[in-house]
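Taking it in order: structure first as structure tokens, then the write-up.
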Amino acid sequence: MEQEIMADIQSQATAATSTSSGPAAMQLRNVAVSFNGRTAVRNCTFDVGKNRVTSLIGPSGSGKTTLLRALNRLHDLTPGAKVSGEILLEGVDVYRGDITATELRARVGMVFQRPNPFPTMSIYDNVISGLRFNGIKKKSLLDAAAESSLRSAALWESVENRLKVPASNLSGGEQQRLCIARALAMDPEVLLMDEPTSALDPIATLRIEELMTTLKSRVSVVIVTHNMQQAARISDDCAFLLMGEDRTGELIEFDTTEKIFNNPDDSRTLDYTLGRFG
Amino acid sequence: MARVPSELRRDDEVVAEFNSATTSRSWYRNLLIVAAVLFAVVSVGFVGTILWSSLPMWLHHAGTLLWGKGWNAPVGPFGGLAMITGTVETSLIALLIAIVIGLGTSIAIVFVIPRRLRNVVATLVELLAAVPSIVYGLWGLLVIAPWMQNTVNPWLNSWPFATTIFGNPGQEFGTSLLLASVVLGIMILPTFVAISREVLAVVPQDLVEASLSLGATRWQVIREVVIPTSKVGLLGATFLSLARATGETVAVALVAGGVANAQFHLLYPGTSIAAWIATQFGESQSTEIPALMALGVLLMLLNFGLSLLSRSLVNRQRRLLALV
Amino acid sequence: MSDLTNLVGPLEVGHEMRGEIRRIANNTRARRQFISRVMMVLSLVALSVAAVPLVLLIIVLLRNGIPTLNAAFFTQLPQTPTLVTPNIVGGVSNAIVGSLALNLYASILAIPLGILVGVYLAENETKFATSLRVVAQTMAGAPSILMGLFAFSFLVHDLNLGFTALAGSFALAVLMLPVIVISTEIAVRSVPHTLREAGLALGAKPHKISLKVVLPSALTGIVTGAILAVSRAVGETAPVLLVIGGGFLNEWRPLNPVSALPLTIYENAKSEWPAQRAQVWGVALVLVAFVFVLSLSARIWASRKQQVK
């Protein structure tokens, strides 16, 4: 039974992976995040491939979400949080380089665990909210971006005729796709997704997973997931993180999804993908 | 019911027994019911007594009370227009002050200052609320009023069109409707801050992070997301503060000047409904009491209406955010 | 997968709009960040402005109040200054005694009843309980002058008792009641339901559980609420102004007229004698210090208890 599932996951991983390792959208060099001097995650060095889906996997507490939130400087809000090492976006260090958090976040979008459309805004206003924040007022540009991003999020057909209704009228899965569209409207280089399907039912999850494989033609995706099958199905590369003895998460292994699931270098990676812990 | 060993009973049976036992008539249960009924009687008595005492006024002179200009104690007529306009003027200006400063303060507390300072500032705001209103009144009368009289009033009157708003009474008075409004504004500020701070703080962090992740600045997050999301609750805070302002008594009695003169010039002395009751009651005779009680009824209607409205708004906000 | 491809459209999505979006975003960013910074600074300015009255008030109270505080202030009866002795004002012992008596009687009237009503509201979901809750919330915000009117109509006028300490205490008790009811209800409701069920599972009677388990667990919240109610009542002027009569003796008996600290402030603030106006600052200082100590200790106690849990 275990072998059957494993074989299934492995074949999916093989199918999902495109082997060419092209240019990087983001580069992480020895990244560590600490809160009030206590390190939560460290030793993270890998490249987020351009137009690839990179998943961060590992058991709870291994620092996946913490690492993800470092990529668009969301830890700036938390007093006592410190990010060390280098995170490069097109060669520019996002923490120390010539870029503000506001500009970074306009170029690196994020989708959260729970669908979180702005409750006071209509579907249309939600989609273009990022553009509005960034000073774009031109109606033609707003309309074009709204349609394009809703199409990319596979939501256009179902909301085309009700763009002015409150976003809260949508189902959970639709709301999450709206949040994806909202992030896409800025046409970001990188899209960060923090367990985007964990609050959704299986059907909605499937729709989002299908969506992600098509999204990568438009944006490079980094996704945190607890679901091994999901990681195997949708990602090209995998970063496996694990919490060590000192309760600090660290990167164990980074490679193509195929290698991580079929013949990883580290035995702990194999144990985890086989479901022996976590 | 057969005794079942307690460890064998199911949870719902335990709860059912709890409910049936609490509804049975133990002495303790009866005591609670008596207390609740007594409280209801006191509340009904509270409203009923004041209404009853004011009845002669409503039956015979309702129009005078609502529209009449002069207050001729002890025989009447008792016109309430000056008190009503005074209440409306001072409360609205106080509200304006409280909203402008209070919203800024709440934003600073929730979004700007470091987290560990929040409790300190919250305690200070509570202390501000704990200062008895008579002390504000004293401060207004003995410290601010002379300063207004000698410094602020002449300066205000040097503005163009000042007479239209302020009435230019010269330096005759330190106590005025404007002073009452400012003191009231300071007094209702803690109320507004306490509620609006809570309302702003419960806006889900999710939404804040989502807007930041789209490249919004802090102020954009607050203006475009936080405030629209919490506007119902902020409206609730506004109405509750207004209710407080209308009900403040002794501070206004000390600093408004205590003159029953229906006019809108802010630098002239005036009074409010609550303050007028306080200042008149001491010397009042039986003929005047129904009129003062009738003013009390007006105050009660105004206050209860505003606070019920405010409470339903704050509750609506809570339900709204529970859905997000 | 195939139907999705139709929805998505052509897969090779270009970035035609990216250039223009980035250009506008970059051009407006500096301005947007500047505005944001200005607004954040303005909010801090608002916070400082809000703090100004508290700071000024405390400075004025200390500077004007401390010089008037001496043994005579606390122990002597007041004296009316005369042209020959314009600076002899005596003390305010009558107001201190009166305030203590008023608040003691009010606490006796309001605290036990308020706690019982609060427990009733916490343990019942009937229509009566729900409407009583709304009544309590509305009463808690009612202008205090109305409590004075109520006490006047009912005790002074209808029962014809005249101006008495009892009438003042009654007004203050009506003021305190809803505050105690609400805080008790919140405190009792915050006791975990499992505690009660554990008691029931052990075969205890519900009223025993309520008395021996729930009330002790809720005690901190109940006491805090009661202290805050008292601290509010101590400073209230309007309700007692109408009914206690005032007086220049150390009077405490319930059916006699009494004086009170806030009443002394109200009356002497407008005095024509500078020495009397000066002494008022001392009374205000004592009152504020008393109220601050009460509410701070309630707060600290509540938060310390919370940490122990």
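Residue numbers (my numbering), protein chains in the order written: chain A, 1 to 278; chain B, 1 to 324; chain C, 1 to 309.
Glycine is no exception: its CB is placed at the ideal position from the N, C-alpha and C atoms.
Partner residues on chain B for residue i, Cβ-Cβ distance less than 8 Å
i                      : result
residue 30 of chain C  : Ordered by position in chain B, no residue passes the 8 Å Cβ test against residue 30 of chain C, which lies about 11 Å from the chain.
residue 74 of chain A  : 209, 212 and 213
residue 156 of chain C : The premise fails here: residue 156 of chain C is roughly 10 Å from chain B at the closest Cβ pair, so nothing lies under 8 Å.
residue 144 of chain C : 247 and 249
Residues that residue i contacts on chain A, provided the C-beta gap is smaller than 9 Å
i                      : result
residue 217 of chain B : 102 and 133
residue 223 of chain B : The contacting residues do not exist; residue 223 of chain B stays about 10 Å from chain A at best.
Residue i, buried or exposed, once every other Cβ within 10 Å from all chains shown has been counted against 16
i                      : result
residue 161 of chain A : exposed
residue 47 of chain A  : buried
residue 301 of chain B : exposed
residue 216 of chain A : buried
residue 319 of chain B : exposed
residue 15 of chain C  : exposed
residue 329 of chain A : Outside the shown range of chain A, which is 1 to 278, sits residue 329 of chain A, and nothing can be said about it.
residue 265 of chain B : buried
residue 96 of chain C  : buried
residue 151 of chain A : buried
residue 265 of chain A : exposed
residue 163 of chain B : exposed
residue 263 of chain A : exposed
residue 158 of chain B : exposed
residue 64 of chain A  : buried
N-terminal and C-terminal residue of the alpha helix (DSSP H) that residue i is part of
i                      : result
residue 39 of chain A  : Residue 39 of chain A -> not in any alpha helix (DSSP H); beta strand (DSSP E) instead, spanning 38-49.
residue 139 of chain C : 127-140
residue 157 of chain A : 156-159
residue 176 of chain C : 165-189
residue 40 of chain C  : 18-65
Within chain B, the residues that residue i reaches when beta carbons sit closer than 7 Å
i                      : result
residue 193 of chain A : Residues of chain B passing the Cβ test: none, with the nearest at roughly 11 Å.
residue 120 of chain A : 228 and 229
Under 9 Å from the C-beta of residue i: neighbouring residues of chain B
i                      : result
residue 318 of chain A : Past the boundaries of the shown model lies residue 318 of chain A; chain A is included only from 1 to 278, so the question cannot be answered.
residue 112 of chain A : 206, 209, 210 and 213
residue 292 of chain C : 127, 130 and 131
residue 285 of chain A : Residue coverage of chain A in this structure runs from 1 to 278, which leaves residue 285 of chain A outside it and unanswerable.
residue 182 of chain A : 210 and 214
Supposed contact pair residue j and residue i - C-beta distance, whole angstroms, cut 8 Å
i                      : j                      : result
residue 231 of chain A : residue 256 of chain A : Their Cβ separation, rounded to whole angstroms, is 12 Å, which puts residue 231 of chain A and residue 256 of chain A out of contact at 8 Å.
residue 178 of chain B : residue 267 of chain B : 6 Å
residue 262 of chain C : residue 77 of chain B  : Wrong, their Cβ atoms sit about 33 Å apart, outside the cutoff.
residue 106 of chain A : residue 134 of chain A : 6 Å
residue 111 of chain A : residue 104 of chain A : Contact doesn't hold; Cβ gap of about 16 Å is too wide.
residue 167 of chain A : residue 122 of chain A : 7 Å
residue 184 of chain A : residue 218 of chain A : 7 Å
Contacts that residue i makes with chain C (C-beta to C-beta distance below 8 Å)
i                      : result
residue 126 of chain B : 295 and 299
residue 42 of chain B  : 174 and 177
residue 99 of chain A  : Here the premise fails: no neighbours, minimum Cβ distance about 11 Å.
residue 144 of chain A : 17
Enclosing beta strand (DSSP E) for residue i [first to last residue]
i                      : result
residue 239 of chain A : 237-243
residue 81 of chain A  : 81-89
residue 148 of chain B : Careful: residue 148 of chain B lies outside any beta strand (DSSP E) and carries neither H nor E.
residue 30 of chain A  : 24-35
residue 261 of chain A : Segment 257-262 is the alpha helix (DSSP H) holding residue 261 of chain A; no beta strand (DSSP E) there.
residue 174 of chain B : First-last for residue 174 of chain B: undefined, no H or E at that position.
Per-residue contacts from residue i into chain F (C-beta, under 8 Å)
i                     : result
residue 35 of chain C : Of the protein chains in this structure, namely A, B and C, none is chain F.
Where residue i meets chain C, residues with beta-carbon distance less than 9 Å
i                      : result
residue 141 of chain A : 17, 20, 21 and 24
Neighbour list for residue i in chain C, Cβ cutoff strictly below 7 Å
i                     : result
residue 29 of chain B : 207
Chain-ordered chain A contacts of residue i [CB-CB under 7 Å]
i                      : result
residue 335 of chain B : Nothing in the structure corresponds to residue 335 of chain B, since chain B is present only between 1 and 324.
Contact set between residue i and chain A, taken where Cβ atoms lie within less than 8 Å
i                      : result
residue 115 of chain B : 79
Practice prompt. For the stretch 156-175 of chain A and the stretch 115-131 of chain A, state whether three or more C-beta atom pairs, one from each stretch, are separated by less than 8 Å.
Written response: Result yes; three or more Cβ-Cβ pairs closer than 8 Å.
Worksheet item: Are there three or more Cβ pairs, one per stretch, closer than 8 Å when the stretch 183-202 of chain C is compared with the stretch 249-257 of chain C?
Response: For the pair of segments examined, the stretch 183-202 of chain C was found not to touch the stretch 249-257 of chain C: the number of CB pairs separated by less than 8 Å stays below three.
Worksheet item: Is there contact between the stretch 145-158 of chain B and the stretch 78-92 of chain C, where contact requires at least three CB pairs shorter than 8 Å?
Response: Short answer: they don't touch.
Discussion item. Could you check whether the stretch 217-224 of chain C touches the stretch 227-238 of chain B, counting it as contact only if at least three pairs of C-beta atoms, one from each stretch, sit closer than 8 Å?
Written reply: With fewer than three CB-CB distances shorter than 8 Å, the stretch 217-224 of chain C does not count as touching the stretch 227-238 of chain B.
Worksheet item: So, do the stretch 116-135 of chain B and the stretch 220-232 of chain B have three or more beta carbon pairs nearer to each other than 8 Å?
Response: Between the stretch 116-135 of chain B and the stretch 220-232 of chain B there are fewer than three C-beta pairs closer than 8 Å, too few to call the two in contact.
Item to complete: Give a yes or no on contact between the stretch 109-120 of chain C and the stretch 160-175 of chain C, applying the rule of three or more CB pairs nearer than 8 Å.
Response: Yes: at least three Cβ pairs fall under 8 Å.
Item to complete: Could you say if the stretch 142-153 of chain C and the stretch 236-246 of chain C meet the contact criterion of at least three C-beta pairs nearer than 8 Å?
Response: Cβ pair count under 8 Å is three or more, so yes.
Worksheet item: Is it true that the stretch 78-88 of chain B meets the stretch 294-309 of chain B, where meeting means three or more beta-carbon pairs spaced less than 8 Å apart?
Response: Result yes; three or more Cβ-Cβ pairs closer than 8 Å.
Worksheet item: Do the stretch 244-251 of chain A and the stretch 267-278 of chain A make contact, defined as three or more Cβ pairs closer than 8 Å?
Response: These segments do not touch.
Worksheet item: Are three or more beta carbon pairs between the stretch 188-202 of chain B and the stretch 109-126 of chain B nearer than 8 Å?
Response: Contact annotation: the stretch 188-202 of chain B touches the stretch 109-126 of chain B, with at least three C-beta pairs closer than 8 Å.
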